[in-house]
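K.L.:
Just add 80 to wherever you are in the sequence shown, counting from 1, and you've got my numbering.
Okay, handing you the structure first.
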Amino acid sequence: MKFFIYIIVVLSFSYINAYASDAELEKYIKAFDYDVRKEMKIDSKTLITLLKKGEAQLIDIRFAEEYEAWKIGVAKNIPLNELPERLSELKKERLIVTACPHKDRAALAMLYLRSKGIKAKYLTDGLIGLAENLRGDNAKAFIEAIKK
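Below, the structure written as structure tokens:
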């Protein structure tokens, strides 16, 4: 699975390059090291903490039909193929966290946003992992915290 994700991200560079700022993307790639690799990721537990504090915005980049079928209430749906036209909907003063069920499209969206100079990470355990962390008492405490 990791190899598959790696291949998708690598192949996506050429696709994104056609739409993103060449200079920004090149700068990002040239600066890429182990620290950047670690810094571009976030797990559900850390995301939940940031959402409670109002320091992050969760962007669900699945297609609208996928989002309608099941959704995470705190996520804003901006399908990956609509992201370039909908950048104004992002709360750029917050950390933007991109998510999909696994992480392939989320990693692609994060790369695109970073090439635009937007601070972004992708959810490593995906929406499935987030849903797993927002069950029962955890869900109740989370909703109470974000309503404050």
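Positions of the beta carbon are idealized from the N, C-alpha and C atoms, including for glycine.
CB-CB under 7 Å to LYS199, same chain, minus the five flanking residues each way: which ones, in chain order?
P.N.:
So the list reads LEU175 and ILE176, once near-sequence residues are dropped.
K.L.:
Over what stretch of residues does the alpha helix (DSSP H) that includes ALA189 continue unbroken?
P.N.:
Element bounds for ALA189: 184-195.
K.L.:
Take the Cβ of LYS183 as the centre, count every other Cβ of all protein chains shown within 10 Å, and call the residue buried at 16 or more, exposed below.
P.N.:
The residue in question, LYS183, is buried, as its Cβ has 16 or more Cβ neighbours within 10 Å.
K.L.:
Between LEU203 and ILE152, which are expected to be in contact by the criterion C-beta below 8 Å, what is the C-beta distance as a whole number of angstroms?
P.N.:
Not quite, the Cβ-Cβ distance comes to about 10 Å (not below 8 Å), so this is no contact.
K.L.:
Determine the direct distance from the alpha carbon of TYR192 to that of ASP102, and round the result to whole angstroms.
P.N.:
Distance between the alpha carbons of ASP102 and TYR192: 11 Å.
K.L.:
Measuring CB atoms only, is the segment 105-119 touching the segment 146-165, in the sense that at least three cross pairs come out at less than 8 Å?
P.N.:
The segment 105-119, when compared against the segment 146-165, does not touch it at the 8 Å Cβ threshold.
K.L.:
So, ALA149 versus LEU138, is the Cβ gap smaller than 8 Å?
P.N.:
No. Outside cutoff.
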